[in-house]
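Chemist:
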Amino acid sequence: DGSLLAVGYVDGDIFLWNLSASDHIKGHGAQKSSDKVVKIQLSSAERRLPVIVLHWSANKKRNGFGGQLFVYGGEEIGSEEVLTILDLDWSSGIAKLTCVDRVDLPLNGSFSDMMVIARSHEMEKIYSASLLVLTNPGQLHFYDDSCLSTLRFEPDKKHSVLAVEYPATIPTIEPIMTVGKLY
Numbered sequence: 008d009g010s011l012l013a014v015g016y017v018d019g020d021i022f023l024w025n026l027s028a029s030d031h032i033k034g035h036g037a038q039k040s041s042d043k044v045v046k047i048q049l050s051s052a053e054r055r056l057p058v059i060v061l062h063w064s065a066n067k068k069r070n071g072f073g074g075q076l077f078v079y080g081g082e083e084i085g086s087e088e089v090l091t092i093l094d095l096d097w098s099s100g101i102a103k104l105t106c107v108d109r110v111d112l113p114l115n116g117s118f119s120d121m122m123v124i125a126r127s128h129e130m131e132k133i134y135s136a137s138l139l140v141l142t143n144p145g146q147l148h149f150y151d152d153s154c155l156s157t158l159r160f161e162p163d164k165k166h167s168v169l170a171v172e173y174p175a176t177i178p179t180i181e182p183i184m185t186v187g188k189l190y
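Every letter in the sequence shown is one number past the one before it in our numbering, and letter 22, counting from 1, is 29.
(1) Helix or strand or just coil, what does DSSP make of Gly15?
(2) Going by other Cβ atoms of all chains shown within 10 Å of its Cβ, with 16 needed for buried, is Val58 buried or exposed?
(3) Just verifying my parser: in three-state terms, what is the DSSP assignment at Lys103?
(4) Which residues share a DSSP beta bridge with Lys46?
(5) Using only the alpha-carbon positions, how far apart do Gly19 and Pro113 sit?
(6) Taking the alpha carbon of Leu104 as the point to measure from, which residue in Asn25, Val17, Tyr16, Val14 has its own alpha carbon closest?
(7) So what's Ser156 in DSSP terms, helix, strand or just coil?
(8) Just verifying my parser: in three-state terms, what is the DSSP assignment at Gly85?
(9) Are Gln75 and Ala136 close, meaning C-beta to C-beta below 8 Å?
(10) State the CB to CB distance for the pair Tyr150 and Ala125, rounded to an integer number of angstroms; the pair is presumed to be in contact (CB under 8 Å).
(11) For the beta strand (DSSP E) that Ala65 lies in, which residues bound it at each end?
(12) Using the Cα positions of Pro144 and Glu172, report the straight-line distance between them to the nearest angstrom.
(13) In chain order, what residues of the same chain have a beta carbon less than 6 Å from the beta carbon of His31, not counting five sequence neighbours either side?
(14) Using CA coordinates, which residue listed in Leu158, Phe118, Ser156 is at the minimum distance from Thr142?
Here is the structure:
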């Protein structure tokens, strides 16, 4: 809803800023700055990769106080290239943010880009997310919500078996406009 800002830094840190004005509206006065920001580190290593990409998908099951943060970067320099998916909950306040689950999705090739496709099922009041990951040399991998859940509960399963791959290579060296319809 725009009340939370996620910022990734070149030193590998991620900060979540609570921009909500609801406390001021309710008459509670100003919040301390420590109650409005929280720091996330994906690795405890001294030297970490910069956080390059952050995408958010809300999770309505947690009453607007949680969701999934998709992160590329932040891992130790020299580690395997992965896309990290954090399942976050801050129903007790941003200062008490908890990571409910973490999945490190190994990439098939080097990372190029990603897109989160969020959708809601209004009848069930559930949000779900699918993920498109583009890796070099132009391979497109699709992970739907059930595939991402399987990765969470069966981390030893090969991710490439679970992903749906787009059959054609997408040009990334000399890019031209490429349009495709996925069903």
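Idealized CB from N, CA, C, for every residue including glycine.
Modeler: By the coordinates alone:
(1) Along the sequence shown, one-based indexing puts residue 15 at 8. Residue state, collapsed to three classes: strand.
(2) For the purposes of this step, residue 58 is identified with residue 51 of the sequence shown, where counting begins at 1. Buried.
(3) Numbered from 1 along the sequence shown, position 96 holds the residue referred to as residue 103. DSSP places Lys103 in helix when its eight states are reduced to three.
(4) Taking the sequence shown and counting its residues from 1, one reaches residue 46 at position 39. Beta-bridge pairing links Lys46 to Phe22.
(5) On the sequence shown, position 12 is the one that residue 19 refers to. On the sequence shown, position 106 is the one that residue 113 refers to. Distance between the alpha carbons of Gly19 and Pro113 is about 18 Å.
(6) In the sequence shown, residue 104 corresponds to position 97, counting from 1. Nearest option by C-alpha distance: Asn25.
(7) Numbered from 1 along the sequence shown, position 149 holds the residue referred to as residue 156. The answer is helix: DSSP assigns Ser156 an H, G or I state.
(8) Walking along the sequence shown from the start, residue 85 turns up at place 78. Note: Gly85 maps to coil in three-state DSSP.
(9) The residue you call residue 75 lines up with position 68 of the sequence shown. The residue you call residue 136 lines up with position 129 of the sequence shown. Contact flag set, yes.
(10) The residue labelled residue 150 in the question sits at position 143 within the sequence shown. The residue labelled residue 125 in the question sits at position 118 within the sequence shown. Incorrect: roughly 13 Å between the Cβ atoms, too far for contact.
(11) Numbered from 1 along the sequence shown, position 58 holds the residue referred to as residue 65. Note, Ala65: beta strand (DSSP E), 60–65.
(12) As a working mapping, residue 144 is identified with position 137 in the sequence shown. As a working mapping, residue 172 is identified with position 165 in the sequence shown. Their Cα atoms are separated by approximately 13 Å.
(13) For this step, residue 31 is matched to residue 24 along the sequence shown. In this prediction, His31 has a pLDDT of 44, which is less than 50 and means its spatial position is unreliable; what the coordinates show is noted afterwards. Contacts found: none.
(14) For the purposes of this step, residue 142 is identified with residue 135 of the sequence shown, where counting begins at 1. The candidate whose alpha carbon is nearest that of Thr142 is Phe118.
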